[in-house]
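Asker:
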Amino acid sequence: MKYQTQKGTVSAKAPSNIALVKYWGKRKNQLPANPSISLTLNNSYTETTIHFEQLTTPTDDFQFEFFFEDKPKPTFHPKITTFLKRIYEYMPFLKDFHLEIHSRNSFPHSSGIASSASSMAALSLCLMQMEKLLYPHLAEDETYWQKASVLARLGSGSACRSIQGKIVVWGKHTEIQGSSDKYGVVYPYKIHEIFNNFQDTILLIDKGQKQVSSSLGHDLMHDHPFAERRFEQAHENISKLIPIFENGDLDKFIEITESEALTLHAMMMTSTPYFILMKPNTLEVIQRIWRFREETKTPVCFTLDAGANVHVLYPNYCKNEVIQFIQKELVVYCENKQYICDHN
Ligand code: PMV
């Protein structure tokens with residue numbers, strides 16, 4: 048096969064994201080069981096570079112090497128092979144090239160922060176650029192970003208929300224124009240300025256390996272007694288967020304955000320087998336956030352992803368007082384007193 052370019056280098060950076068309405072449960076091909084919505088983060092990201100070179104004798108396998116922070120990481124190969132197999136139908140040139148993939152995260156690795164969203168998004172963006180070098184007529188139009196998001200989704204569901212936009216919806220929702228199960232879309236309606244530069248301070252409660260992977264967690268939603276009602280609830284919560292995003296009602300925002308976080312973990316606690324990813328310090332921190340909010344009326348709340356870490360969410364205007372509160376009362380519950388300041 049003759050390509051426009053036989054050898055080259057592409058690089059991309061993609062952020063992590065934190066879901067407000069959670070994706071938990073999936074169908075075939077990484078399609079979500081319910082729509083989700085997330086804030087895109089800024090300081091937590093992955094940077095990926097691919098050096099590619101056309102093979103003189105392509106085989107039926109994918110030829111690649113993977114380096115994480117400059118060190119070869121063969122343990123990541125199975126995950127990348129699965130990803131390449133899934134996206135091959137969209138990128139049939141992949142078996143004609145050798146890929147040398149280099150990746151690094153801005154956040155401490157093994158921090159318990161899910162890096163799959165940013166890493167799969169960065170890898171997908173690199174492959175999109177590579178495709179563009181091979182087929183220069185391809186334009187960076189809307190379908191380009193949709194395809195990037197489709198690829199990212201096939202790497203890790205939530206990664207499809209890390210391609211473009213500060214607030215992103217993934218999954219078909221009747222009230223979100225253009226929404227799709229296949230890719231994330233930039234939230235298309237009015238957003239109150241209170242949600243600009245919205246703060247997310249990630250408290251690293253437990254940096255250990257999760258006992259249960261998200262893939263297994265998603266699978267357990269198949270025979271889950273509360274699954275159908277939960278999926279409906281996610282639709283309802285997105286509907287409720289539309290006016291909240293418009294009018295900046297933080298009390299209602301807090302109610303939905305915290306309820307979503309606790310529901311996610313309630314699903315884990317009520318699946319078969321059941322499991323708990325929160326740690327005693329997760330609960331301690333949640334209670335202290337509630338007490339602080341009650342006493343000071345500061346609109347601060349929490350969300351959780353599939354782990355023990357707590358994301359403390361609040362508008363930019365109360366940053367100083369919340370950081371002071373975190374330093375005074377919450378850091379003692381973090382492993383090595385570590386936390387990461389981020390925002391959308
Ligand atoms: O993208 P996955 O398969 O790692 O699933 C992520 C699931 C949650 O982080 C718990 C929720 C979400 O919507 O991001």
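Residue numbering for the sequence shown is 48 to 391, as defined by our numbering.
Idealized CB from N, CA, C, for every residue including glycine.
If you count every other CB in all the chains shown that lies within 10 Å of the CB of Tyr70, and 16 or more means buried, which is it?
Answerer: Residue numbering aside, residue 70 sits at position 23 when the sequence shown is read from its first letter. Buried is the call here.
Asker: Starting from the C-beta of Asn363, find all residues in its chain whose C-beta is less than 8 angstroms away, skip the five residues before and the five after it, and write them out in chain order.
Answerer: In the sequence shown, counting from the first residue as 1, residue 363 sits at position 316. Excluding residues within five positions, the ones whose Cβ falls inside 8 angstroms are Asn243, Asn244, Phe245, Gln246, His390.
Asker: For Gly212, count the other beta carbons within 10 Å of its own beta carbon; 16 or more makes it buried, fewer makes it exposed. Which is it?
Answerer: Here residue 212 refers to the residue found at position 165 when the sequence shown is read from its first residue. By the neighbour-count rule (16 or more Cβ atoms within 10 Å), Gly212 is buried.
Asker: For a test of your reading of the model: does the CB of Leu141 fall under 7 angstroms from any non-hydrogen atom of the ligand PMV? Yes or no.
Answerer: Here residue 141 refers to the residue found at position 94 of the sequence shown. No, the Cβ of Leu141 stays beyond 7 angstroms of every heavy atom of the ligand PMV.
Asker: I need the DSSP call for Val347, collapsed to helix, strand or coil.
Answerer: The residue you call residue 347 lines up with position 300 of the sequence shown. In the structure shown, Val347 sits in coil (DSSP, three-state: anything other than H, G, I, E or B).
Asker: For the beta strand (DSSP E) that contains Ile373, what are its first and last residues?
Answerer: Working through the sequence shown from its first residue, we reach residue 373 at position 326. No beta strand (DSSP E) holds Ile373; DSSP gives it neither H nor E.
Asker: Would you tell me roughly how many angstroms separate the C-alpha atoms of Lys60 and Phe114, rounded to the nearest one?
Answerer: For the purposes of this step, residue 60 is taken as residue 13 along the sequence shown, with counting starting at 1. For the purposes of this step, residue 114 is taken as residue 67 along the sequence shown, with counting starting at 1. Those two C-alpha atoms are separated by around 16 angstroms.
Asker: Taking the straight line between their C-alpha atoms, what separation do you get for Pro105 and Thr52?
Answerer: The sequence position of residue 105 within the sequence shown is 58, counting from 1. The sequence position of residue 52 within the sequence shown is 5, counting from 1. So the two alpha carbons sit approximately 16 angstroms from each other.
Asker: Can you tell me the Cβ-Cβ gap for His282 and Asn81, rounded? I've got them flagged as a contact below 8 angstroms.
Answerer: Here residue 282 refers to the residue found at position 235 of the sequence shown. Here residue 81 refers to the residue found at position 34 of the sequence shown. Indeed, because the Cβ distance is near 7 angstroms, the residues count as touching under 8 angstroms.
Asker: Take Tyr386 as the anchor and find which of Val332, Glu136, Arg340, Met314 has the nearest alpha-carbon.
Answerer: Working through the sequence shown from its first residue, we reach residue 386 at position 339. Considering only alpha carbons, the answer is Val332.
Asker: Less than 8 angstroms between the C-beta atoms of Val216 and Ser209, yes or no?
Answerer: As a working mapping, residue 216 is identified with position 169 in the sequence shown. As a working mapping, residue 209 is identified with position 162 in the sequence shown. No.
Asker: Cβ of Leu288 within 7 angstroms of any heavy atom in the ligand PMV?
Answerer: Position 241 of the sequence shown, counted from the start, is the residue given in the question as residue 288. Because no heavy atom of the ligand PMV lies under 7 angstroms away, the Cβ of Leu288 does not count as near it: no.
Asker: Identify the continuous alpha helix (DSSP H) that holds Val232 and give its terminal residues.
Answerer: For the purposes of this step, residue 232 is taken as the residue at position 185 of the sequence shown. Per DSSP, Val232 belongs to no alpha helix (DSSP H); it is in the beta strand (DSSP E), 231-233.
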